[in-house]
Amino acid sequence: MAVVIRLRQEGSKDHTVYRIVAADKRARRDGRFLEILGTYDPNKDGKNYSLNMDRINSLISDGAKPSDTVASLIRKSVAAAG
Numbered sequence: 018m019a020v021v022i023r024l025r026q027e028g029s030k031d032h033t034v035y036r037i038v039a040a041d042k043r044a045r046r047d048g049r050f051l052e053i054l055g056t057y058d059p060n061k062d063g064k065n066y067s068l069n070m071d072r073i074n075s076l077i078s079d080g081a082k083p084s085d086t087v088a089s090l091i092r093k094s095v096a097a098a099g
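Here it is, written out as structure tokens:
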């Protein structure tokens, strides 16, 4: 099973928030997922994301591919931590 780390849209129409999830590549965007890895709120100023980096690193080492947006959030998180 090919695993991807991507955004899952939630929230209301005027205030969309996203959960960062690990999902099967064939699953729909808002469909079935394996686990929740964090959140992302583009409407919020400042630090608008939270990530479980231990689990994300574990999944990436097992072959999971992050989407472009999630990859940029991971880079931001690593830059802020180090």
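Heads up: take any position in the sequence shown, counting from 1, add 17, and you land on our numbering.
Idealized CB from N, CA, C, for every residue including glycine.
Remember, it's a predicted structure, so these values are computed and weren't measured experimentally.
A Cβ-Cβ contact shorter than 8 Å links residue 37 with residue 87. DSSP places residue 98 in the helix class (H, G or I) of the three-state scheme. Around the beta-carbon of residue 81, 16 or more other beta-carbon atoms lie within 10 Å, marking it buried. Fully enclosed beta strand (DSSP E) runs of no fewer than 3 residues occupy 66-68 of the region 55-93, in order along the chain.
Rounded to the nearest whole angstrom, the C-alpha separation of residue 21 and residue 70 is 15 Å. Pairwise C-beta distances place the region 55-66 out of contact with the region 40-47, as fewer than three of them are shorter than 8 Å.
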